[in-house]
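Everything below concerns the one structure shown next.
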Amino acid sequence: MSDKNAEPKFVVDEELHNLMVTLRDTKEVYNRICARMRKQGVKLHKCNEENYSSDIDEVISTVSCIISEQLYHDIQKGGLG
């Protein structure tokens, strides 16, 4: 028996969710590695760090858009079962 007053359920695809978590973790790890290297006296080229940050932010943004599209689709269909 289903409750007609129950809130619709919206679930982000598990692989998309895991990808987003991995991308955010990767960005944090990269930033920690760079900070540690600078602390050890390694001269890092700022453009490399900026390019990496910009590139991973773009990938994160793209994945966010895909998640938004999936959720919008689910909303249009009234949620998941």
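The sequence shown begins at 8 in this note's numbering and counts up one residue at a time.
Glycine is no exception: its CB is placed at the ideal position from the N, C-alpha and C atoms.
- V18 carries a coil assignment under DSSP once its states are collapsed to helix, strand and coil.
- Just measuring C-alpha positions, the residue of K53, E22, I82, D81 sitting nearest N38 is K53.
- In terms of CA proximity to R31, V70 leads the group M44, Q47, D20, V70.
- Secondary structure note for Q83: its alpha helix (DSSP H) is the uninterrupted segment 53-83.
- One thing to note: I82 has its Cβ no nearer than 8 Å to the Cβ of M27.
- With respect to T33, I63 sits close: the two C-beta atoms are nearer than 8 Å.
- Here V36 carries a helix assignment [DSSP, helix/strand/coil].
- Between E56 and E35, the alpha-carbon positions lie close to 12 Å from each other.
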